[in-house]
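Engineer:
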Amino acid sequence: MMLYVSVDTKTWAKAQFPHASSARLRENAYTIVESTTHSLAVDVVLQDLGSIGTLFMSNSNGTFFVESLKDTNRNEYGFVDYENIYGVEGVGISNVVANAQDVEGRKATKQLKSVITFDDGSTWAPIKPPSTDVEGKRIACNIADTNDCSLHFHSVTAPHNFGRIFSSPAPGFVMGVGSIGPNLKPYEDCDTFLSDDAGLTWKMIRTDAHKYEFGDSGSILVVVNDEEGVDTVRYSTNMGKDWKSYNYGIKMRSRLLMTLPDSTSQKFILLGQIARKDQKADQSRYAIVFLDFANTRSRKCEESDFEK
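Convert by adding 13 to the 1-based position in the sequence shown; the result is the number in the working numbering.
(1) Buried or exposed: which applies to Trp25, given that a residue is buried once 16 or more other Cβ atoms fall within 10 Å of its Cβ?
(2) Taking only the alpha-carbon atoms, compute the straight-line gap between Thr220 and Ile301 and give it to the nearest angstrom.
(3) Can you tell me which of Pro199, Ala211 and Asp56 puts its alpha carbon nearest to the alpha carbon of Ser181?
(4) Can you tell me the Cα-Cα spacing of Ser208 and Lys120, whole angstroms?
(5) Does the contact criterion of 3 or more C-beta pairs under 8 Å hold for the region 47-55 versus the region 73-93?
(6) When DSSP labels each residue in this structure, what does Gln114 get in the three-state scheme?
(7) Do Met217 and Val104 come within 8 Å of each other at the CB atom, strictly closer than that value?
(8) Assign Asp84 to buried or exposed, taking buried as 16 or more other Cβ atoms, counted over all protein chains shown, within 10 Å of its Cβ.
(9) From which residue to which residue does the beta strand (DSSP E) around Tyr95 run?
(10) Work out the CA separation of Leu304 and Val190 for me, nearest whole Å.
(11) Return the CA-CA distance between Phe186 and Tyr248, expressed in angstroms with no decimal places.
(12) Three Cβ pairs or more, each shorter than 8 Å: is that satisfied between the region 229-238 and the region 157-176?
(13) Are Asn86 and Val109 closer than 8 Å when you measure CB to CB?
(14) Of all the options Tyr90, Pro184 and Asn112, which has the alpha carbon lying nearest to the alpha carbon of Ile45?
(15) Can you tell me which of the three DSSP states Gly262 falls into?
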């Protein structure tokens, strides 16, 4: 199966992959992932298993490709654990299968590691974890040893909310559910992390996995527990430094937290499943909670509020 690319829909050129890879390309092998304005990103199945791929980056017109990242994590639907950080050129986060040979040869369970690029896929590195947890206690591993102590995130292949996985139109703000250690832990064993510098540094903002959203261009951050039924959301109006609670009066298991796609609104919608022990799964009741944080803003931002 050949891949053809066009910049004007009139003239088409055959995509050229490295010779060693071209011989192993097969039908249904291509996934066009989120790309930049300067290049095209394509994840290609080179292994026998369709759940492991290789990420290629193209030149400016999308015709010549070079290998960017091996052993990328895919699912059975062709989705790839890769996402660019919105509004910041060249930054992206991906998951790789650390034990790819064992997965392919012995059908072992995948061990996933997260990596980040700051140069549009030319180089990748483990994500440096914070040195302390949400309570200020030191992380129980050596953060200088990136093989055994780095930050890993659940990503595109296993979404737990609507929309983008990590970032929003709020420049530089990135959130994710993940774990610190040699590889990614199950979702229920993870915590919630925030970066305000496009993934360069991170801090743990909540224990446990949470759904999260950005509002008012990043000046409002909202999270809700995603592991058990709760009747409160937590929100921050100072970039995650402090968090306040709001009780919306009904205990439910959160299924969806969303706002406007451009993240400029101060209003959010929370969809949840009301827990009833005597109800069957197909008879569960749902509730929608409308959250308006407009009254949390006592004044408009002034020039002195902006960071340089």
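Virtual Cβ for every residue (Gly too), placed ideally from N, Cα, C. Owing to the predicted nature of the structure, the values given are computational and were not obtained by experimental measurement.
Structural biologist: Straight from the coordinates:
(1) Per the 10 Å Cβ criterion, exposed.
(2) Thr220 and Ile301 have their C-alpha atoms some 25 Å from each other.
(3) Considering only alpha carbons, the answer is Ala211.
(4) A straight-line Cα-Cα distance of about 35 Å links Ser208 and Lys120.
(5) Note that the region 47-55 touches the region 73-93; at least 3 beta-carbon pairs, one per stretch, sit closer than 8 Å.
(6) It is helical.
(7) No, the Cβ-Cβ distance between Val104 and Met217 is not below 8 Å.
(8) It counts as buried.
(9) Secondary structure note for Tyr95: its beta strand (DSSP E) is the uninterrupted segment Tyr95 to Asn97.
(10) Their Cα atoms are separated by approximately 22 Å.
(11) Distance between the alpha carbons of Phe186 and Tyr248: 15 Å.
(12) With a cut-off of 8 Å, the region 157-176 and the region 229-238 do not count as touching, because too few Cβ pairs lie within range.
(13) One thing to note: Asn86 has its Cβ within 8 Å of the Cβ of Val109.
(14) Ranking the options by Cα distance to Ile45, first place goes to Tyr90.
(15) Three-state DSSP puts Gly262 in a strand.
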